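Position 58 of the sequence shown, counted from 1, bears residue number 150 in the working numbering, the numbering being contiguous throughout. All C-beta atoms, glycine included, are put in the ideal place defined by N, C-alpha and C. Owing to the predicted nature of the structure, the values given are computational and were not obtained by experimental measurement. This report concerns only the one structure given below.
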Amino acid sequence: PPNRARINELTLKPPSGRIGYFIGWGICIFVLGMFYVGYQQSPELGWSLVVTWVLINGGLSAFGAALALAYPVSVLAAFLAAPLTSLNPTIGAGMVVGLVESYLRKPKVTDFERLREDIGSFPMWWKNGVVRVLLIFFFANVGSALGTYVAGASIIQQILS
């Protein structure tokens, strides 16, 4: 058995870094700032930037949810939530989509009981209700994150042109 000093070492939580906090809010401020700059150049450009943000960010998050075989309502939730949650680092699109999906596709007790075996088998990932909700959560979040960077780059390109 491990000695007491080793156990105490493992139970200590390292101090959290602040860089993620600043990056999350920095992205939000940057995107909102780009909307402001776009509206200052012309209201049409401002609306174009907002539409770009919503379509790319929501579209990629919805694509991620669809790729994970989410219910259509969950895919719609991904499309609607991603543009908003990308501007708020305290909540992710995957959280919203995972909540909607878990409400629609309620995991069963047997899904939890078989979780250890099913997670080791790739085909079972889509058959186990718990793992499937986690996959949908993950894919929607990845889609939203990609959408944030792709839409951000597109917004910068539109402002500079």
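Note that the segment 208-215 does not touch the segment 150-157; fewer than 3 beta-carbon pairs, one per stretch, sit closer than 8 Å. Taking the Cα of L191 as reference, the smallest distance to any Cα among M216, F214, Y163 is reached at Y163.
Listed in chain order, the non-local C-beta contacts of A185 below 8 Å within the same chain comprise S153, A170, A173, A174, T177, S178, A232, N233, G235, S236, local neighbours out to five positions each way being set aside. Of the candidates I111, G118, G109, F114, the residue whose Cα lies closest to the Cα of G244 is G118.
For T103, the enclosing alpha helix (DSSP H) has its first and last residue at 96-103.
Straight through space, the alpha carbons of N180 and Y128 are spaced by roughly 17 Å.
Within the segment 114-172, complete alpha helix (DSSP H) segments of at least 4 residues are found at 135-159, given in chain order.
Rounded to whole angstroms, G138 and F122 show a C-alpha spacing of 14 Å. The Cβ-Cβ distance between V225 and W217 does not fall below 7 Å.
Rounded to whole angstroms, the separation of the alpha carbons of S253 and T103 is 53 Å. Secondary structure of I211 (DSSP, three-state): coil. For the pair G151 and I251, the CB atoms are not nearer than the 7 Å cut-off. Your pair A160 and I228 checks out as a contact, with CB atoms roughly 4 Å apart and the cut at 8 Å.
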